[in-house]
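Enquirer: Using our numbering, the letters of the sequence shown correspond one by one to residues 3 to 911. A virtual CB, placed ideally from N, CA and C, is assigned to each residue, including glycine.
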Amino acid sequence: RISGTMNNPFQHIVEPLAPNDSHQCFYNLTKLQDPRYDRLPFSIRVLLESAVRNCDEFLVKRSDVESILNWKKTQTQTVEVPFRPARVILQDFTGVPAVVDFAAMRDAVMKLGGDPEKINPVCPADLVIDHSIQLIHFPKKKIIKNIVQEPLLGIMCYFVITPVLQKNQDLEFDRNKERFQFLKWGSKAFRNMRIIPPGSGIVHQVNLEYLARVVFNQDGYYYPDSLVGTDSHTTMIDGLGVLGWGVGGIEAEAVMLGQPISMVLPEVVGYKLHGTPDKLITSTDIVLTVTKDLRQVGVVGKFVEFFGPGVAQLSIADRATIANMCPEYGATAAFFPVDNVSIQYLEQTGEQLAYLKAVGMYRDYNDASQDPDFTKVVELDLSTVVPCCSGPKRPQDRIPVSYMKKDFENCLGEKQGFKGFQVAPDRHNTIVPFQYNDTEYSLSHGSVVIAAITSCTNTSNPSVMLGAGLLAKKAIELGLSVKPYIKTSLSPGSGVVTYYLKKSGVMNYLAQLGFEVVGYGCMTCIGNSGPLPEPVVEAITKGDLVAAGVLSGNRNFEGRVHPNTRANYLASPPLVIAYAIAGTVRIDFEREPIAVNSNGQEIFLRDIWPTRNEIQAVEREFVIPSMFKEVYEKIEKVNERWNSLIAPSDKLYTWDTNSTYIKSPPFFDGLTMKLQPPSSINDAYVLLNFGDSVTTDHISPAGNIARNSPAARYLTSRGLTPRDFNSYGSRRGNDAVMARGTFANIRLFNKFLNKQAPQTIYLPTGETLDVFDAAERYQQAGIPLLILAGKEYGSGSSRDWAAKGPFLLGIKAVLAESYERIHRSNLVGMGVIPLEYLPGQTADSLGLTGRERYTIIIPGQLTPRMKVDVKLDTGKTFQVQMRFDTDVELAYFHHGGILNYMIRKMSGK
3 RISGTMNNPF QHIVEPLAPN DSHQCFYNLT KLQDPRYDRL PFSIRVLLES AVRNCDEFLV
63 KRSDVESILN WKKTQTQTVE VPFRPARVIL QDFTGVPAVV DFAAMRDAVM KLGGDPEKIN
123 PVCPADLVID HSIQLIHFPK KKIIKNIVQE PLLGIMCYFV ITPVLQKNQD LEFDRNKERF
183 QFLKWGSKAF RNMRIIPPGS GIVHQVNLEY LARVVFNQDG YYYPDSLVGT DSHTTMIDGL
243 GVLGWGVGGI EAEAVMLGQP ISMVLPEVVG YKLHGTPDKL ITSTDIVLTV TKDLRQVGVV
303 GKFVEFFGPG VAQLSIADRA TIANMCPEYG ATAAFFPVDN VSIQYLEQTG EQLAYLKAVG
363 MYRDYNDASQ DPDFTKVVEL DLSTVVPCCS GPKRPQDRIP VSYMKKDFEN CLGEKQGFKG
423 FQVAPDRHNT IVPFQYNDTE YSLSHGSVVI AAITSCTNTS NPSVMLGAGL LAKKAIELGL
483 SVKPYIKTSL SPGSGVVTYY LKKSGVMNYL AQLGFEVVGY GCMTCIGNSG PLPEPVVEAI
543 TKGDLVAAGV LSGNRNFEGR VHPNTRANYL ASPPLVIAYA IAGTVRIDFE REPIAVNSNG
603 QEIFLRDIWP TRNEIQAVER EFVIPSMFKE VYEKIEKVNE RWNSLIAPSD KLYTWDTNST
663 YIKSPPFFDG LTMKLQPPSS INDAYVLLNF GDSVTTDHIS PAGNIARNSP AARYLTSRGL
723 TPRDFNSYGS RRGNDAVMAR GTFANIRLFN KFLNKQAPQT IYLPTGETLD VFDAAERYQQ
783 AGIPLLILAG KEYGSGSSRD WAAKGPFLLG IKAVLAESYE RIHRSNLVGM GVIPLEYLPG
843 QTADSLGLTG RERYTIIIPG QLTPRMKVDV KLDTGKTFQV QMRFDTDVEL AYFHHGGILN
903 YMIRKMSGK
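Below, the structure written as structure tokens:
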């Protein structure tokens, strides 16, 4: 895979890194002797190196190298270039369907007379099982003198084991044994595929702390580490100086099979950091400020590259926190070039540092002469950052903590929307009493019922985690507590976190407030928050309350965290604890006490908030490099239940027709080697009519399976009871469940109904049906389907089922004002046509109701971004743009999708 062959036209710039060692070489880009190279953004240099090294005049051409070198001009010309990342990373929610597709592709290749073993990753692929564990059991608040430290299931003692954690991990394995067996089969059947077992941590944190190389040394060549991942927050690794971003699972599968990514050469926004943050500011405050700032700038589809003296003050963990939330501000990547802090973090060898310096990819953030050219420059003075949260429904809606109470109360009365709940004024102060554990409590609007320290965004950062621990210590010492009905949790991204929390002595204080380790995985951040106590749910329902969740995650879209928390706020781990103690988000911490202790003393947040200097002192003493090595040196072998799991060893998977987790998908049924010419979409009905910001959570839910949903009815018909339903995410290997779960989010707002519900109007009769049931009727009648949408269609997590599901529902095209980058790519990968209104046009401006029938004229000869005609049964005609952005995407469409393309290619005919 690594170039170095004689047919590479750039072979002449290959040289040994050390003069006396001809076996360790690199492509020395400085020997191109092109002055444009020194002015390129560092992120673009990574793309250039890949193109030079892999240039074969077939998949990667000399003209592609020239296009990248000429970035200053080509960045605005929609120029397509190929990129071959060094590796691929997956998590189990997206990894299971990828392995299912690989297994089904092997079957299809065999049926077409090809060699099924050609379906095999040709670049390293790491799959981390982190999305399966759910927060079913949560800790009781009580004084704990000693945290249980005995190892469980062979997991080493730095993975702090508590009874609650043991129950959640046991339940995870019991529920997902079938999926885990399938993944273990995949690790045997496919070369270059490594599985990190459950209970190890969160994919992006494991990637940062363990899997990242920064520099590859393989097959006799040094080259930059780079990757794509099947999770939008893959960008976290950009904080280490490793270029990576999220792609659809479908696109990742093609990369694993040796296809380069076809991408439009991006603009690069330079984000200059300067100034010094206040001593009370956390990295979370900085990232939420950056997120709002860049959302306003508009960086969708662009790279962001950070520079300036302020970067030098940030740790790798701080940079990774900022890079992690790149999808929330809409960029493709958020790159921090490698500097001395990056090298020290990974304890890189002298040879790797020498390579980075020789190739011009190592920088000094205090040296302005190294600043490259950017498309535009945006600046942030770190001294202006204030403590903040984001919410109640979107991560970009930043709120200063000092304004939090007023903002929530404003949201209560505002019209239903991103910043509104439309609660009648006479109900703003509703109070609902309830009994919990024989004690009476009460809930009101803004009451906190979920408080979760979760997500790699923050648990990878020792400063905010130790800050939370020090705050908990001060709170306990002043006699503060958390109400027992609040679902508190701590789900670290790796064993390193519990190692330093335990060593520094703050774990006990966290546990006393209820922030005990409940699992090593994503949990609340992805909606695996589990059920709330029944009395709490009853009180919320009785009062129709806007209850709140506060979490240290990266996503808070409506319906994602929990169906009973309509307001969800992203916050730093110390603030998560603060709001848990307060019990409400309707508090002004500057003027109101966080609580009154048993002595009647009013305690304010400022009384327990640790300073940056306090945190750094503890961090210097207890966060040491040796703990990373100790935690990770046996990470792939420590889970005894995984080790003892028996999986098949055949190269072709034997599908179990009785399985409700793993099912052979119908994507390749009837596939032949012959291509069908493109044809128009005639007399399509609109299945769903949406407004702006429909997320992949709306399209393809990852949370619990509602008992009255089509997916629940299917599982019940297979003999399962509700307690065995598990989550949508865990069943992504079964197309029958996922098709029924498509558009099953209870917060789905369909203009046809003018309310939130996972339903639509079956237009031929006017009946209101579940979305799947309506789609099934249309398909039985042979009627094609269309979706109408507004801006940012498909924003949120990169879910391949958000494209696969609509495909299986019979949706032929989506017509939207704009798309989230990954989701548009996924639609293309499944052969669903992404259509876009022309500038200045919308459904409203065109007078579209969605009740018309649509004919989309698809000509025989297609070109990227061409305009096509749409004709309605009303006689109206207008044009839209087909969002096939490259010739490669058109090739995928002609084949009926990227996987069909790969099957035909691998069949060798």
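Specify the secondary structure class of Pro808 as computed by DSSP and reduced to three states.
Expert: Counted from its first residue, the sequence shown places residue 808 at position 806. Helix.
Enquirer: Should the stretch 227–235 be regarded as contacting the stretch 78–96, the criterion being three or more beta carbon pairs within less than 8 Å?
Expert: In short, these stretches touch, since the Cβ pair count reaches three.
Enquirer: Give me, in chain order, the residues of the same chain whose beta-carbon lies closer than 7 Å to that of Arg906; leave out the 5 immediate sequence neighbours on both sides.
Expert: Residue 906 sits at position 904 when you count from the first residue of the sequence shown. So the list reads Met675 and His897, once near-sequence residues are dropped.
Enquirer: Can you give me the Cβ contacts of Ile146 inside the same chain, cut-off strictly under 7 Å, excluding the 5 residues immediately before and after it?
Expert: Here residue 146 refers to the residue found at position 144 of the sequence shown. Any reading at Ile146 needs caution, since the residue's pLDDT is 47, under 50, leaving its predicted position unreliable; the model's value is listed next. So the qualifying residues of the chain are Asn510, Ala513 and Gln514.
Enquirer: Note down, one range per segment and in chain order, each beta strand (DSSP E) of at least 3 residues found wholly within the stretch 763–821.
Expert: Counting whole runs of 3 or more residues, the stretch 763–821 contains the beta strand (DSSP E) stretches 769–772, 787–790 and 813–818.
Enquirer: Restricting to Cα atoms, I'd like to know which of Asn170, Pro389 and Gly393 is closest to Lys421.
Expert: If you number the sequence shown from 1, residue 421 lands on position 419. Looking at the Cα atoms, Gly393 is the closest of the given residues.
Enquirer: Beta carbon of Ala783, beta carbon of Thr762: below 8 Å?
Expert: Here residue 783 refers to the residue found at position 781 when the sequence shown is read from its first residue. Here residue 762 refers to the residue found at position 760 when the sequence shown is read from its first residue. No. Outside cutoff.
Enquirer: Any chance the stretch 607–620 sits against the stretch 431–447, with 3 or more Cβ pairs inside 8 Å?
Expert: Too few Cβ pairs lie closer than 8 Å, so no.
Enquirer: Have a look at Thr526, Ala893 and Asn556 and flag the residue whose alpha-carbon is nearest the alpha-carbon of Ile135.
Expert: What you label residue 135 is simply residue 133 of the sequence shown in a count that begins at 1. Closest option to Ile135, Cα to Cα, is Thr526.
Enquirer: Report buried or exposed for Leu213, applying the criterion of at least 16 other Cβ atoms within 10 angstroms of its Cβ.
Expert: Against the sequence shown, residue 213 aligns to sequence position 211. Classification for Leu213: buried.
Enquirer: Roughly how many whole angstroms lie between the Cα atoms of Ile610 and Leu49?
Expert: Stepping through the sequence shown from its first residue, residue 610 is reached at position 608. Stepping through the sequence shown from its first residue, residue 49 is reached at position 47. Rounded to whole angstroms, Ile610 to Leu49 spans 47 Å at the Cα level.
Enquirer: What is the DSSP secondary structure of Leu114, counted as helix, strand or coil?
Expert: In the sequence shown, the residue the question calls residue 114 occupies position 112. Of the three classes helix, strand and coil, the one that applies to Leu114 here is coil, per DSSP.
Enquirer: Indicate the three-state DSSP secondary structure (helix, strand or coil) for Pro153 in the structure shown.
Expert: Taking the sequence shown and counting its residues from 1, the one referred to as residue 153 is at position 151. Note on Pro153: pLDDT 35, under 50, position unreliable in the model; no value is reported.
Enquirer: Restricting to runs no shorter than 4 residues, where is the alpha helix (DSSP H) found entirely within the stretch 562–628?
Expert: Taking only runs of at least 4 residues, the alpha helix (DSSP H) segments lying wholly in the stretch 562–628 are 575–584, 607–610 and 614–624.
Enquirer: Express the C-alpha separation of Ser234 and Val816 in angstroms, rounding to a whole number.
Expert: Along the sequence shown, read from residue 1 onward, the residue named residue 816 stands at position 814. Along the sequence shown, read from residue 1 onward, the residue named residue 234 stands at position 232. Their backbone Cα atoms lie some 21 Å apart in a straight line.
Enquirer: For Asn276, which beta-bridge partners are listed by DSSP?
Expert: Counting from 1 along the sequence shown, the entry for residue 276 is found at position 274. What sits at residue 276 in the sequence shown is His, not Asn. Asp383.
Enquirer: Give me the residue from Met832, Ile283 and Asn56 with the minimum Cα distance to Asn615.
Expert: By one-based count along the sequence shown, residue 615 stands at place 613. Checked all of Met832, Ile283 and Asn56; the closest Cα to Asn615 is Ile283.
Enquirer: Using a Cβ-Cβ cut-off of 6 Å (strictly less than) and excluding sequence neighbours within five positions of Gly156, which residues of its own chain qualify?
Expert: Position 154 of the sequence shown, counted from the start, is the residue given in the question as residue 156. A caution first: Gly156 carries a pLDDT of 35, below 50, which makes its placement in the model unreliable, though a value can still be read off. Cβ within range, chain order: Val640 and Glu642.
Enquirer: Going by other Cβ atoms of all chains shown within 10 Å of its Cβ, with 16 needed for buried, is Lys489 buried or exposed?
Expert: Counting from 1 along the sequence shown, the entry for residue 489 is found at position 487. With 16 or more other Cβ atoms within 10 Å, it is buried.
Enquirer: For a quick check, are the C-beta atoms of Ala804 and Ile701 less than 8 Å apart?
Expert: For the purposes of this step, residue 804 is identified with residue 802 of the sequence shown, where counting begins at 1. For the purposes of this step, residue 701 is identified with residue 699 of the sequence shown, where counting begins at 1. Contact: yes.
Enquirer: Just curious, the beta strand (DSSP E) that Trp247 is in, first and last residue?
Expert: Position 245 of the sequence shown, counted from the first residue, corresponds to residue 247. Start and end: Leu245 to Gly248.
Enquirer: Tell me the residue span of the beta strand (DSSP E) that contains Ile858.
Expert: Your numbering for residue 858 matches position 856 in the sequence shown. Here the beta strand (DSSP E) through Ile858 covers Tyr856 to Ile858.
Enquirer: Let's see if you can read the secondary structure: which residues bound the beta strand (DSSP E) around Asn219?
Expert: Position 217 of the sequence shown holds residue 219. Segment Val217 to Gln220, the beta strand (DSSP E) holding Asn219.
Enquirer: Please report the residue range of the beta strand (DSSP E) in which Lys665 lies.
Expert: Along the sequence shown, one-based indexing puts residue 665 at 663. Lys665 -> no beta strand (DSSP E), and no H or E assigned at all.
Enquirer: Just how far apart, CA to CA, sit Asp772 and Leu689?
Expert: Residue mapping note: residue 772 aligns to position 770 of the sequence shown, counting from 1. Residue mapping note: residue 689 aligns to position 687 of the sequence shown, counting from 1. In a straight line, the C-alpha of Asp772 is about 11 Å away from that of Leu689.
Enquirer: What ranges does the beta strand (DSSP E) occupy inside the stretch 263–313, keeping only unbroken runs of at least 3 residues that lie completely in it?
Expert: Runs found: 263–266, 270–276 and 305–309.
Enquirer: If you follow the beta strand (DSSP E) that Ile197 is in, where does it begin and where does it stop?
Expert: By one-based count along the sequence shown, residue 197 stands at place 195. Counting along the chain, the beta strand (DSSP E) containing Ile197 begins and ends at Met195 to Ile198.
Enquirer: Near Gly260, what residues of its chain come up, given a Cβ to Cβ distance below 6 Å and the 5 sequence neighbours on each side ignored?
Expert: Position 258 of the sequence shown holds residue 260. Answer for Gly260: Val124, listed in chain order.
Enquirer: Measure the beta-carbon distance from Gly743 to Ala713 and round it to whole angstroms, keeping in mind my assumption that it falls under 8 Å.
Expert: On the sequence shown, residue 743 is found 741 positions in, with the first residue counted as 1. On the sequence shown, residue 713 is found 711 positions in, with the first residue counted as 1. With 8 Å as the limit, Gly743 and Ala713 qualify as a contact, their Cβ atoms being about 5 Å apart.
Enquirer: Apart from the five residues just before and just after Asn439, which ones in its own chain have a Cβ nearer than 7 Å to its Cβ?
Expert: On the sequence shown, position 437 is the one that residue 439 refers to. Cβ neighbours of Asn439 beyond the five flanking positions: Pro486.
Enquirer: What residue from Phe95, Asp40, Leu722 and Ala256 has the CA that sits closest to Trp73's CA?
Expert: Here residue 73 refers to the residue found at position 71 when the sequence shown is read from its first residue. If we check each option's Cα against that of Trp73, Asp40 comes out closest.
Enquirer: When DSSP builds the beta bridges, which residues end up paired with Tyr894?
Expert: Against the sequence shown, residue 894 aligns to sequence position 892. Bridge partners of Tyr894: none, in fact.
Enquirer: Using the beta-carbon count (16 or more within 10 Å), is His825 buried or exposed?
Expert: Residue 825 sits at position 823 when you count from the first residue of the sequence shown. His825 is buried by the Cβ-count criterion.
Enquirer: So, helix, strand or coil for Arg89, using DSSP?
Expert: Position 87 of the sequence shown holds residue 89. Residue state, collapsed to three classes: strand.
Enquirer: For Lys793 and Val696, what's the separation of their Cα atoms in angstroms?
Expert: Residue 793 sits at position 791 when you count from the first residue of the sequence shown. Residue 696 sits at position 694 when you count from the first residue of the sequence shown. So the alpha carbons of these two residues sit roughly 8 Å apart.
Enquirer: Leaving out five residues before and five after Ile589 in sequence, what residues of the same chain have Cβ atoms less than 6 Å from its Cβ?
Expert: Against the sequence shown, residue 589 aligns to sequence position 587. Hits under 6 Å: Lys407.
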